[in-house]
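These notes concern the structure reproduced below.
Numbering (the working numbering), first residue to last: 32 to 675.
Take a look at the structure:
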């Protein structure tokens, strides 16, 4: 009679199981009574040989679960061979179809593995158990699961010495318990751990993917910026090459009748004529002619330039600009003095309005200070190109200055005549507010270095307004400004130049305009201007030097000169060393930058300006070289001389 249960499904065993099966190859011993007396520890190492014989008899003889088959002796002769053949077939990975429960999977060509059938089939007959009938799923006290008909026959054959076929634990037929479950599958803990590990890796990869997407977006942005810079540099190179070709036809290095050396060179934005524009008046100041003359090094065109300062150590110029367009946005431009003259534009908020003064810190070139009419005093980081500190002011600021003794302190001169003192370590506001002698705007502020007459750490400030020069004792909150003696009745103070290394001070004055009540709109100046309004007028220069006493100044000389009749001109003092000092200012009559010897005010050299008027003028010593910068129009001219 054919078996009512489907043939056994595929059984794929790994190498270890095959080795165990080979070590436990079934043998035949009819003396089952003698095996009961053996030690249980030895029984646990090998599966009972009768278990293999019994399994072989079930499959080889075709005995059903409900009927009796051939005798045990008949099937035993062929049982061992059938058992070994099944195990070898499983080890070789052969497959067989599964009828009954597995018929659907077999029809689709699916295959079962050992892990898949462990919880579905009886380990005795290797056929599916059922949830009812003779082959009902059941278990022994040890926990191993079998089909009811299989385990009943097994225990009946063993009589009073029944044992579990898998673990050899003693049990009887009465100990068998039916299990009521449609399907039993055991979950592999190692597989679960692997699944959780793979899920964690997937989450990690997703996070990494999101990070790479973000970086890719940043790289694309940087790539676009670099492409824009490359485009600008390409256009600039093309323009320079075209202009450079035009210069080949011109004579280079020819000395004209006035001793001006002519040439052309490439600047940061264009190629301009290069001339020393210097006329030496046989001065004996430097020991020999031309030895201290200033020669034009560079001309840089910067559209909308208003103010500048030079960082000689890093070869950088910081320029205040007003960009073209509606509203005139303010910007700061960092321009390298080293070819190819790279530049960075720093846009400022519209609330900044017009910048009136700009200074790079003399002791820390990473910081710059600027004051504006928008009632702001701001500190710029030259490294990050960002405004790192901004103070609100009660009135528009006209000038600012770093403290020469302590870079933590800065000063601002306001339009209402007040002087404000700030400590950069306190960001809330000024540490002191000092009221001026009048409400006239303070247009220039200079910090004075300590001398022997002042106590250690004392801070003194020199300022200039239309009434003249004032000295401020910053540390004394109750003391107001003092008008510097020997500067009264000079006129309207329009410019102040100070040199910390020599302690020289030069103040520029123009005459006051006296008006009567009935001719207030038609009264001309007492000293008539030359060539009309804006062409200059006769003014005066006063040279002072700070004495050893804290509040005393010596008047070393004075001179008449052509000064600006409107606006506030720029001037600078040049310390060449070895007690050689020059004063630089614009001569409105000749439209030249005139260098005069101090204290005599005799003309030493005249430098031709690119355009009138001069917007800013600064001198900076650097590495045995003096650098004089002059901003006129949109052109920044840089003159240099060798220092002894």
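From the three backbone atoms N, C-alpha and C, an ideal C-beta is built for every residue, glycine too.
Fair warning: this is a prediction, and the values are worked out from it, not measured in the lab.
Which value, in whole angstroms, describes the spacing of the CA atoms of residue i and residue j?
{"i": "residue 156", "j": "residue 222", "result": "28 Å"}
{"i": "residue 574", "j": "residue 587", "result": "5 Å"}
{"i": "residue 655", "j": "residue 472", "result": "38 Å"}
{"i": "residue 611", "j": "residue 250", "result": "55 Å"}
{"i": "residue 356", "j": "residue 362", "result": "13 Å"}
{"i": "residue 174", "j": "residue 164", "result": "21 Å"}
{"i": "residue 205", "j": "residue 191", "result": "12 Å"}
{"i": "residue 374", "j": "residue 347", "result": "9 Å"}
{"i": "residue 264", "j": "residue 330", "result": "19 Å"}
{"i": "residue 171", "j": "residue 230", "result": "38 Å"}
{"i": "residue 515", "j": "residue 530", "result": "17 Å"}
{"i": "residue 94", "j": "residue 188", "result": "With a pLDDT of only 39 at residue 94, under 50, the local geometry of the prediction cannot be trusted, and the value read off the model is given with reservation. Answer to the nearest angstrom: the Cα atoms are 15 Å apart."}
{"i": "residue 335", "j": "residue 353", "result": "5 Å"}
{"i": "residue 342", "j": "residue 385", "result": "22 Å"}
{"i": "residue 608", "j": "residue 673", "result": "11 Å"}
{"i": "residue 196", "j": "residue 220", "result": "25 Å"}
{"i": "residue 661", "j": "residue 646", "result": "8 Å"}
{"i": "residue 567", "j": "residue 255", "result": "50 Å"}
{"i": "residue 577", "j": "residue 596", "result": "29 Å"}
{"i": "residue 233", "j": "residue 226", "result": "10 Å"}
{"i": "residue 266", "j": "residue 372", "result": "14 Å"}
{"i": "residue 624", "j": "residue 247", "result": "54 Å"}
{"i": "residue 238", "j": "residue 228", "result": "15 Å"}
{"i": "residue 538", "j": "residue 619", "result": "17 Å"}
By the three-class DSSP mapping on this structure, what secondary structure does residue i have?
{"i": "residue 240", "result": "helix"}
{"i": "residue 414", "result": "coil"}
{"i": "residue 372", "result": "coil"}
{"i": "residue 256", "result": "helix"}
{"i": "residue 661", "result": "strand"}
{"i": "residue 655", "result": "coil"}
{"i": "residue 181", "result": "helix"}
{"i": "residue 188", "result": "helix"}
{"i": "residue 160", "result": "coil"}
{"i": "residue 245", "result": "helix"}
{"i": "residue 438", "result": "coil"}
{"i": "residue 261", "result": "helix"}
{"i": "residue 397", "result": "coil"}
{"i": "residue 267", "result": "helix"}
{"i": "residue 668", "result": "strand"}
{"i": "residue 585", "result": "strand"}
{"i": "residue 446", "result": "coil"}
{"i": "residue 674", "result": "coil"}
{"i": "residue 301", "result": "Interpretation of residue 301 is limited by its pLDDT of 39, a score under 50 that renders its predicted location unreliable; no figure is taken from the coordinates."}
When burial is assigned at 16 or more other CB atoms within 10 Å of the CB, is residue i buried or exposed?
{"i": "residue 323", "result": "buried"}
{"i": "residue 617", "result": "buried"}
{"i": "residue 668", "result": "buried"}
{"i": "residue 243", "result": "exposed"}
{"i": "residue 275", "result": "exposed"}
{"i": "residue 636", "result": "buried"}
{"i": "residue 268", "result": "exposed"}
{"i": "residue 657", "result": "buried"}
{"i": "residue 475", "result": "buried"}
{"i": "residue 376", "result": "exposed"}
{"i": "residue 387", "result": "buried"}
{"i": "residue 517", "result": "exposed"}
{"i": "residue 592", "result": "buried"}
{"i": "residue 444", "result": "buried"}
Within its chain, find whatever has a CB closer than 7 Å to the CB of residue i; leave out the 5 residues flanking it on each side and keep chain order.
{"i": "residue 699", "result": "Shown here, the chain extends from 32 to 675; a query on residue 699 therefore has no answer."}
{"i": "residue 177", "result": "153, 154, 155 and 169"}
{"i": "residue 633", "result": "627"}
{"i": "residue 464", "result": "449 and 451"}
{"i": "residue 585", "result": "575, 576 and 578"}
Ordered along the chain, which non-local residues of its own chain (more than five positions away) have a Cβ less than 6 Å from that of residue i?
{"i": "residue 642", "result": "663 and 664"}
{"i": "residue 378", "result": "362"}
{"i": "residue 211", "result": "none"}
{"i": "residue 203", "result": "193"}
{"i": "residue 533", "result": "606 and 612"}
{"i": "residue 209", "result": "167 and 169"}
Among the residues of its own chain, which have a CB less than 8 Å from the CB of residue i, if the five just before and after it don't count?
{"i": "residue 540", "result": "521, 522, 523, 524, 525, 570, 571, 572, 573 and 594"}
{"i": "residue 436", "result": "478, 480, 481, 488 and 490"}
{"i": "residue 207", "result": "169, 170, 171, 179, 182, 183 and 186"}
{"i": "residue 406", "result": "423, 424, 425, 426, 427 and 428"}
Worksheet item: Touching or not, the stretch 368–378 and the stretch 393–410, by the rule of three or more beta carbon pairs under 8 Å?
Response: no
Worksheet entry | Given 8 Å, three or more beta-carbon pairs between the stretch 427–438 and the stretch 402–418 | Contact between the stretch 427–438 and the stretch 402–418 is present, because at least three Cβ pairs lie under 8 Å.
Worksheet item: Are at least three pairs of beta-carbons, each pair with one atom in the stretch 183–199 and one in the stretch 151–171, less than 8 Å apart?
Response: yes
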